[in-house]
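Q:
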Amino acid sequence: MKNILLVAAREFRQIAGMRSFWLTLLIIPVSIVIGALVPQLVQNDDAARVMVIDRTGGAEARAIAQRFELERDRDLLNDLSRYVQRHHLEKADMQAPWAQHDRWYSDAEVARFVADGGVEAAKAKIARVKPDATPEFEASKPDYEMVPVPASLASAADASLDEALKPVLKPTAKDVKPVDYVILVPADFGASPLVRLWANRQPSPRFMSNVQEVLTRDLRARYLTAQGLSPDAARTAATIAPALAISTPPPGGGAREAMLVRSILPIAAAYLLMMSLMLSGSWMLQGTVEERSNKLLETVLACISPEELMYGKLLGTAGVGLFMIAVWIGCGIFAAYATHGAIADMIRPALDPLTSPGAIVALLYFFVVGYVTIAVLFLAIGAMSESMRDAQGYLMPVILVIILPITILMQAVLGGDGGGVLVEVLTWVPIWTPFAVLARLGLGIPAWEVIATGVILAAFTAAELVLLGRLFRASLLAQGQKPNMREMLSRMRAVQN
Amino acid sequence: MSVLALERVSKRFDETLAVDDLSFSVEPGTVFGFLGGNGAGKTTSLRMVLDIIRPTSGRIEVLGRAPGRANAPEIGFLPEERGLYRQMTALDTITYFGRLKGMAVADARKEGAALLERFGLAANFKSTVDKLSKGMAQKVQLATALVNRPRLLILDEPFAGLDPVNQGLLEEEIRRMSAAGATIVFSTHVMQHAERLCDRLLLLGKGRKKFEGTLEEARGELPARLSVVAKQDPSTLAGVESATDSGAAEDGWRRWDVRLDPGVAPGDVLEQCTAQQFQLRRFEQVQISLHDVFVHIVGTPETAQ
Numbered sequence: 492m493k494n495i496l497l498v499a500a501r502e503f504r505q506i507a508g509m510r511s512f513w514l515t516l517l518i519i520p521v522s523i524v525i526g527a528l529v530p531q532l533v534q535n536d537d538a539a540r541v542m543v544i545d546r547t548g549g550a551e552a553r554a555i556a557q558r559f560e561l562e563r564d565r566d567l568l569n570d571l572s573r574y575v576q577r578h579h580l581e582k583a584d585m586q587a588p589w590a591q592h593d594r595w596y597s598d599a600e601v602a603r604f605v606a607d608g609g610v611e612a613a614k615a616k617i618a619r620v621k622p623d624a625t626p627e628f629e630a631s632k633p634d635y636e637m638v639p640v641p642a643s644l645a646s647a648a649d650a651s652l653d654e655a656l657k658p659v660l661k662p663t664a665k666d667v668k669p670v671d672y673v674i675l676v677p678a679d680f681g682a683s684p685l686v687r688l689w690a691n692r693q694p695s696p697r698f699m700s701n702v703q704e705v706l707t708r709d710l711r712a713r714y715l716t717a718q719g720l721s722p723d724a725a726r727t728a729a730t731i732a733p734a735l736a737i738s739t740p741p742p743g744g745g746a747r748e749a750m751l752v753r754s755i756l757p758i759a760a761a762y763l764l765m766m767s768l769m770l771s772g773s774w775m776l777q778g779t780v781e782e783r784s785n786k787l788l789e790t791v792l793a794c795i796s797p798e799e800l801m802y803g804k805l806l807g808t809a810g811v812g813l814f815m816i817a818v819w820i821g822c823g824i825f826a827a828y829a830t831h832g833a834i835a836d837m838i839r840p841a842l843d844p845l846t847s848p849g850a851i852v853a854l855l856y857f858f859v860v861g862y863v864t865i866a867v868l869f870l871a872i873g874a875m876s877e878s879m880r881d882a883q884g885y886l887m888p889v890i891l892v893i894i895l896p897i898t899i900l901m902q903a904v905l906g907g908d909g910g911g912v913l914v915e916v917l918t919w920v921p922i923w924t925p926f927a928v929l930a931r932l933g934l935g936i937p938a939w940e941v942i943a944t945g946v947i948l949a950a951f952t953a954a955e956l957v958l959l960g961r962l963f964r965a966s967l968l969a970q971g972q973k974p975n976m977r978e979m980l981s982r983m984r985a986v987q988n
Numbered sequence: 009m010s011v012l013a014l015e016r017v018s019k020r021f022d023e024t025l026a027v028d029d030l031s032f033s034v035e036p037g038t039v040f041g042f043l044g045g046n047g048a049g050k051t052t053s054l055r056m057v058l059d060i061i062r063p064t065s066g067r068i069e070v071l072g073r074a075p076g077r078a079n080a081p082e083i084g085f086l087p088e089e090r091g092l093y094r095q096m097t098a099l100d101t102i103t104y105f106g107r108l109k110g111m112a113v114a115d116a117r118k119e120g121a122a123l124l125e126r127f128g129l130a131a132n133f134k135s136t137v138d139k140l141s142k143g144m145a146q147k148v149q150l151a152t153a154l155v156n157r158p159r160l161l162i163l164d165e166p167f168a169g170l171d172p173v174n175q176g177l178l179e180e181e182i183r184r185m186s187a188a189g190a191t192i193v194f195s196t197h198v199m200q201h202a203e204r205l206c207d208r209l210l211l212l213g214k215g216r217k218k219f220e221g222t223l224e225e226a227r228g229e230l231p232a233r234l235s236v237v238a239k240q241d242p243s244t245l246a247g248v249e250s251a252t253d254s255g256a257a258e259d260g261w262r263r264w265d266v267r268l269d270p271g272v273a274p275g276d277v278l279e280q281c282t283a284q285q286f287q288l289r290r291f292e293q294v295q296i297s298l299h300d301v302f303v304h305i306v307g308t309p310e311t312a313q
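Keeping their order, the protein sequence lines are chains Y and B.
Using the working numbering, the first residue of the first sequence is number 492, and each one after it goes up by one.
Using the working numbering, the first residue of the second sequence is number 9, and each one after it goes up by one.
1. With the cut-off set at 8 Å, would you say V266 (chain B) and V237 (chain B) are in Cβ contact?
2. Compare the C-beta of I495 (chain Y) with all C-beta atoms of chain B and state if any pair is closer than 8 Å.
3. Using a Cβ-Cβ distance under 8 Å, would L129 (chain B) count as near chain Y?
4. Kindly indicate which residue of Y:V575, Y:E581, Y:Y596, Y:R577 has the alpha-carbon position closest to the one of R563 (chain Y).
5. Under 8 Å between C-beta atoms, does E978 (chain Y) make it to chain B?
6. Please look up how many angstroms separate the CB atoms of L71 (chain B) and I162 (chain B), rounded, as I've assumed it's under 8 Å.
7. Please determine, among Y:L516, Y:V498, Y:P520, Y:W513, the residue with the shortest C-alpha to C-alpha distance to C822 (chain Y).
8. Which term fits M887 (chain Y), buried or exposed, when burial requires 16 or more other beta carbons within 10 angstroms of its beta carbon?
9. With 16 as the cutoff for other CB atoms within 10 Å, does G744 (chain Y) come out buried or exposed?
10. Can you check whether the C-beta of K50 (chain B) is within less than 8 Å of a C-beta belonging to chain Y?
11. Using 10 angstroms around the beta-carbon of Q149 (chain B), count the other beta-carbons present and answer buried if the total reaches 16, otherwise exposed.
12. Using CA coordinates, which residue listed in B:I296, B:A226, B:T191 is at the minimum distance from T38 (chain B)?
13. Check the Cβ-Cβ distances between V146 (chain B) and every residue of chain Y, and say whether any is below 8 Å.
14. Judging by CA-CA distance, which residue of B:S141, B:T222, B:E23, B:L288 is the nearest neighbour of V34 (chain B)?
15. When the distance is taken between beta carbons, is P921 (chain Y) closer than 8 Å to F858 (chain Y)?
16. Please list, in chain order, the residues of the segment 793 to 825 of chain Y that have any C-beta partner in chain B closer than 7 Å.
17. Do you know how far the Cα of L764 (chain Y) is from the Cα of L855 (chain Y)?
18. Taking 8 Å as the cut-off, decide whether the C-beta atoms of P63 (chain B) and K134 (chain B) are in contact.
19. Are L675 (chain Y) and V659 (chain Y) touching if we call contact CB-CB under 8 Å?
20. What do you reckon, are the CB atoms on L962 (chain Y) and M976 (chain Y) nearer than 8 Å?
21. Using C-beta distances below 7 Å, list every residue in its chain close to P231 (chain B), excluding the 5 sequence neighbours before and after it, in chain order.
22. Determine whether the Cβ of T152 (chain B) lies closer than 8 Å to any Cβ atom of chain Y.
23. Spatial neighbours of A853 (chain Y) within its chain, please: C-beta separation below 6 Å, excluding the five flanking residues on both sides.
24. Within 10 angstroms of the Cβ of E310 (chain B), are there 16 or more other Cβ atoms? Answer buried if so, exposed if not.
25. Determine, using beta-carbon pairs with one atom in the segment 771 to 780 of chain Y and one in the segment 868 to 886 of chain Y, whether at least three such pairs fall under 8 Å.
26. Under 8 Å, do D671 (chain Y) and A647 (chain Y) count as touching if we go by C-beta distance?
27. Answer yes if the segment 639 to 653 of chain Y comes into contact with the segment 600 to 608 of chain Y, meaning at least three C-beta pairs across the two stretches below 8 Å, and no otherwise.
28. Would A80 (chain B) count as contacting chain Y if we go by Cβ distances under 8 Å?
29. Helix or strand or just coil, what does DSSP make of V920 (chain Y)?
30. Please confirm if E23 (chain B) has its CB atom under 8 Å from at least one CB of chain Y.
31. Any heavy atom of the ligand PLP closer than 7 Å to the CB of L948 (chain Y)?
32. Give a yes or no on whether the minimum CB-CB distance between K109 (chain B) and chain Y is below 8 Å.
33. List, in chain order, every chain Y residue whose beta-carbon is nearer than 9 Å to that of I68 (chain B).
34. Determine, using beta carbons only, whether R501 (chain Y) comes closer than 8 Å to chain B.
35. Determine, using beta carbons only, whether T101 (chain B) and Y93 (chain B) come nearer to each other than 8 Å.
36. State the DSSP-derived secondary structure class of L959 (chain Y), mapped to helix, strand or coil.
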């Protein structure tokens with residue numbers, strides 16, 4: 492055991508001494524930070540400026556403005572609800588819509604929120620129960636700002652607007668703010684459904700859907716009025732819509748979103764397993780190839796057995812892989828603290844699978860055994876290769892065989908339908924079992940299946956260690972051409988060389 | 009008790025019989041030469057002694073035990089094909105191998121530092137191997153074999169690839185270890201080294217033992233040769249197998265290369281000359297080299313495979 496630890500420590504030190512190790516170790520946290528910062532840096536926080544030239548008398552422009560106002564209030568209500576949930580401030584007013592979470596707020600509820608005084612009234616209620624340490628609620632900026640129509644445009648003929656709007660959409664003067672969207676509702680709107688939109692960029696789907704909805708309602712009301720319905724009845728008919736009472740079932744109840752959140756941690760574990768394996772595995776491979784090509788194996792084997800060398804290398808590499816994962820998790824925890832719990836709140840539902848000791852054991856078991864199962868393949872490849880070029884010949888097919896189905900597996904699990912037959916098949920094939928079981932832990936996998944696949948994986952790994960151990964031992968001092976399949980099988984059969 | 013004993017050991021790789029019924033033993037404190045051409049079975053035999061490979065048949069005893077890693081703390085080994093971890097420092101490398109041989113880390117570092125100092129590498133303790141010259145790396149490799157002050161030092165073609173300075177250093181270390189009571193077994197196909205260092209020799213050809221004994225006994229395997237200056241032809245003397253005229257000396261005397269019959273001592277022939285008043289101006293025994301013995305017993309090193 493002492494020799495195994497000595498070899499493992501040397502392997503660890505060797506890999507940790509490589510520049511590529513530290514680059515790889517840091518690349519994930521750095522890329523996550525960049526990923527989080529870049530959208531904020533490039534994001535345009537300014538509200539999109541909207542101008543509506545309404546030739547019908549102003550009703551359409553008002554309807555559109557009201558709609559944007561409603562959506563703005565709905566956003567505020569949602570933000571407020573998340574703030575209240577994060578800081579556990581529901582007792583400020585248990586009946587208020589913002590004290591009920593994870594739901595869709597209907598137009599009526601938003602209207603009630605506004606009628607009750609909106610954000611300011613809510614903040615006043617919250618202030619009575621809010622501890623001093625809890626930060627104030629800060630309302631986000633609105634998405635849209637309505638811009639009045641200048642007299643020159645209001646009086647301009649429709650046909651001349653193309654030319655007249657150019658300086659409005661793309662002003663040449665630096666201190667003039669551009670208008671992002673200009674909507675023209677022609678005088679014959681109703682008789683004709685045509686409405687024109689100028690935009691200085693690709694219109695956002697949300698903007699389009701809001702405008703479309705407002706104008707569609709009005710178009711229908713106008714049509715119904717033309718058919719003889721009273722204007723009030725026509726307006727009412729146009730706004731008739733089912734009132735969907737939406738609530739999110741508790742986790743485990745089958746809601747897709749909840750399940751996806753619960754799957755984050757297991758799927759992340761499967762991804763981390765794959766990434767750390769591919770990275771540390773290739774370093775281990777390099778180390779083994781170096782020992783062969785530098786001709787130091789004989790010196791080593793005079794002191795320790797091939798088995799001690801193999802287990803030491805496996806342990807050292809597993810240590811590297813686990814160290815990388817520990818650092819990444821550490822960065823995650825640091826980020827959770829650094830963001831005052833905002834990230835922690837988001838990932839709390841993802842930690843649900845860890846509430847059961849069985850799930851924790853399964854997560855650790857499949858992670859560690861999965862690591863050994865795949866790492867020993869890299870080790871055998873290293874022992875058979877005289878150089879890294881030799882090793883690539885074996886490595887590429889092995890990596891493809893491992894990674895391709897896993898990529899499909901992840902997609903299938905994220906697809907949310909449980910993955911179907913493919914995922915079931917991958918669960919039972921030992922080299923993919925760790926990834927499949929890890930990925931499925933959040934979705935719910937029957938306990939008997941976890942145990943059965945765990946037992947099969949253990950048996951497979953034990954057999955693999957024996958057979959690839961023989962291949963490793965027999966290949967260490969073998970010279971000459973790369974062994975073919977027949978030679979490999981013969982080395983696996985050789986009990987002692 | 010022998011430090012190393014092989015009894016009827018054979019090793020077969022598929023169709024090739026690499027070592028064939030080999031038996032020998034090495035007594036404590038001996039410098040034992042293992043001589044043979046390329047492919048004669050030297051490395052295979054040494055690997056079996058170290059338990060890197062197992063014999064097909066026969067029995068091996070090392071330091072009174074079966075071969076195995078339990079012997080590692082008392083064995084030093086320098087393989088024919090040498091290499092080191094390129095990113096490790098010289099001192100760390102020696103310490104690592106010391107620890108693999110069961111030494112405490114402090115002892116291994118102390119002994120490693122002492123060896124590096126003795127080998128003139130005191131300034132290179134912290135240099136990584138890839139920064140060392142080839143000659144320096146060879147010294148570090150030698151230090152990894154010596155760090156545990158082994159009772160049995162096994163050297164496989166130790167002089168191969170060494171520059172003359174390091175060859176001298178290695179010879180000195182072999183003598184130092186021998187004087188300290190260690191047993192040294194080394195394989196070589198360079199006869200001069202064996203001639204200078206070995207107490208006993210084993211000549212190997214095609215995996216089989218061809219000869220085992222002292223250097224003198226080895227020389228005794230060849231008929232004695234004389235360099236003689238005489239007026240008459242020495243081939244008339246009893247015990248002389250042949251005499252070749254190799255040219256004129258001064259005043260009518262001639263030089264002769266004389267080969268004696270096997271088993272005939274040069275002293276007997278000299279005695280005969282005196283008795284028969286066979287006139288001589290020079291009577292000198294020619295020293296037979298180990299190379300000649302090897303070629304006589306095994307064939308040329310190249311053909312002895």
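Using N, Cα and C, we set each Cβ at its ideal position, and we do this for glycine too.
A: So, to answer that:
1. Position 258 of the second sequence, counted from the first residue, corresponds to residue 266 (chain B). Position 229 of the second sequence, counted from the first residue, corresponds to residue 237 (chain B). Cβ atoms of V266 (chain B) and V237 (chain B): not closer than 8 Å.
2. On the first sequence, position 4 is the one that residue 495 (chain Y) refers to. Interface flag for I495 (chain Y) against chain B is unset, since no Cβ pair is found closer than 8 Å.
3. If you number the second sequence from 1, residue 129 (chain B) lands on position 121. No, its Cβ sits nowhere closer than 8 Å to a Cβ of chain Y.
4. As a first step, residue 563 (chain Y) is located in the first sequence; it is residue number 72 there, counting from the start. Residue Y:Y596 is the option with its Cα nearest to R563 (chain Y).
5. Counting from 1 along the first sequence, the entry for residue 978 (chain Y) is found at position 487. No, E978 (chain Y) lies away from the interface with chain B (no Cβ there is under 8 Å from its Cβ).
6. The sequence position of residue 71 (chain B) within the second sequence is 63, counting from 1. The sequence position of residue 162 (chain B) within the second sequence is 154, counting from 1. With a Cβ gap of about 11 Å, L71 (chain B) and I162 (chain B) do not count as contacting.
7. For the purposes of this step, residue 822 (chain Y) is identified with residue 331 of the first sequence, where counting begins at 1. Nearest of Y:L516, Y:V498, Y:P520, Y:W513 to C822 (chain Y), Cα basis: Y:P520.
8. For the purposes of this step, residue 887 (chain Y) is identified with residue 396 of the first sequence, where counting begins at 1. The residue in question, M887 (chain Y), is exposed, as its Cβ has fewer than 16 Cβ neighbours within 10 Å.
9. Working through the first sequence from its first residue, we reach residue 744 (chain Y) at position 253. The predicted model places G744 (chain Y) with a pLDDT of 39, which falls under 50 and marks its position as unreliable, so this point remains unresolved.
10. Taking the second sequence and counting its residues from 1, the one referred to as residue 50 (chain B) is at position 42. No, K50 (chain B) lies away from the interface with chain Y (no Cβ there is under 8 Å from its Cβ).
11. One-based indexing of the second sequence puts residue 149 (chain B) at position 141. The residue is buried, with at least 16 neighbouring Cβ atoms inside 10 Å.
12. In the second sequence, counting from the first residue as 1, residue 38 (chain B) sits at position 30. Of B:I296, B:A226, B:T191, the residue nearest in Cα terms is B:T191.
13. On the second sequence, position 138 is the one that residue 146 (chain B) refers to. The residue asked about is misnamed: residue 146 (chain B) is Gln in this sequence, not Val. At least 8 Å separates the CB of Q146 (chain B) from every CB of chain Y.
14. The residue you call residue 34 (chain B) lines up with position 26 of the second sequence. Nearest to V34 (chain B) by C-alpha distance, out of B:S141, B:T222, B:E23, B:L288, is B:T222.
15. Taking the first residue of the first sequence as position 1, residue 858 (chain Y) is located at position 367. Taking the first residue of the first sequence as position 1, residue 921 (chain Y) is located at position 430. No.
16. A793, C794, I795, S796
17. Counting from 1 along the first sequence, the entry for residue 855 (chain Y) is found at position 364. Counting from 1 along the first sequence, the entry for residue 764 (chain Y) is found at position 273. Those two C-alpha atoms are separated by around 11 Å.
18. Here residue 63 (chain B) refers to the residue found at position 55 when the second sequence is read from its first residue. Here residue 134 (chain B) refers to the residue found at position 126 when the second sequence is read from its first residue. Cβ distance not < 8 Å, so P63 (chain B) and K134 (chain B) don't count as in contact.
19. Stepping through the first sequence from its first residue, residue 675 (chain Y) is reached at position 184. Stepping through the first sequence from its first residue, residue 659 (chain Y) is reached at position 168. No, the pair does not count as a contact, with Cβ atoms beyond the cut-off.
20. To locate residue 962 (chain Y), count along the first sequence from 1; it is residue 471. To locate residue 976 (chain Y), count along the first sequence from 1; it is residue 485. Against a cut-off of 8 Å, the Cβ pair of M976 (chain Y) and L962 (chain Y) comes out as no contact.
21. Your numbering for residue 231 (chain B) matches position 223 in the second sequence. The beta carbon of P231 (chain B) is closer than 7 Å to those of E249, R267, L268, D269, P270 in its chain, skipping five residues each way along the sequence.
22. Here residue 152 (chain B) refers to the residue found at position 144 of the second sequence. Answer yes: the Cβ-Cβ gap between T152 (chain B) and chain Y drops below 8 Å somewhere.
23. Here residue 853 (chain Y) corresponds to residue number 362 of the first sequence, with the count starting at 1. Counting only Cβ-Cβ distances below 6 Å, and skipping sequence neighbours, we find V941.
24. One-based indexing of the second sequence puts residue 310 (chain B) at position 302. Residue placement at E310 (chain B) is flagged as unreliable, the pLDDT there being 47, under the threshold of 50; a coordinate-derived value is accordingly withheld.
25. yes
26. To locate residue 671 (chain Y), count along the first sequence from 1; it is residue 180. To locate residue 647 (chain Y), count along the first sequence from 1; it is residue 156. No, Cβ-Cβ distance for D671 (chain Y) and A647 (chain Y) is not below 8 Å.
27. no
28. Here residue 80 (chain B) corresponds to residue number 72 of the second sequence, with the count starting at 1. Any Cβ of chain Y closer than 8 Å to the Cβ of A80 (chain B) would place that residue at the interface, and such an atom is present.
29. Counted from its first residue, the first sequence places residue 920 (chain Y) at position 429. V920 (chain Y): coil per DSSP, three-state reduction.
30. Counting from one through the second sequence, the residue named residue 23 (chain B) turns up at place 15. By this cut-off, E23 (chain B) is not an interface position.
31. The ligand PLP is not among the ligands present in this structure, which contains no ligands whatsoever.
32. Walking along the second sequence from the start, residue 109 (chain B) turns up at place 101. With 8 Å as the cut-off, K109 (chain B) counts as an interface residue toward chain Y.
33. For the purposes of this step, residue 68 (chain B) is taken as residue 60 along the second sequence, with counting starting at 1. By Cβ distance, chain Y contributes nothing, its closest Cβ being about 14 Å from I68 (chain B), past 9 Å.
34. For the purposes of this step, residue 501 (chain Y) is identified with residue 10 of the first sequence, where counting begins at 1. Yes, R501 (chain Y) lies at the interface with chain B (some Cβ there is under 8 Å from its Cβ).
35. Counting from 1 along the second sequence, the entry for residue 101 (chain B) is found at position 93. Counting from 1 along the second sequence, the entry for residue 93 (chain B) is found at position 85. T101 (chain B) is a Cβ neighbour of Y93 (chain B), given a cutoff of 8 Å.
36. Locating residue 959 (chain Y) in the first sequence gives position 468, where the first residue counts as 1. Helix at L959 (chain Y).
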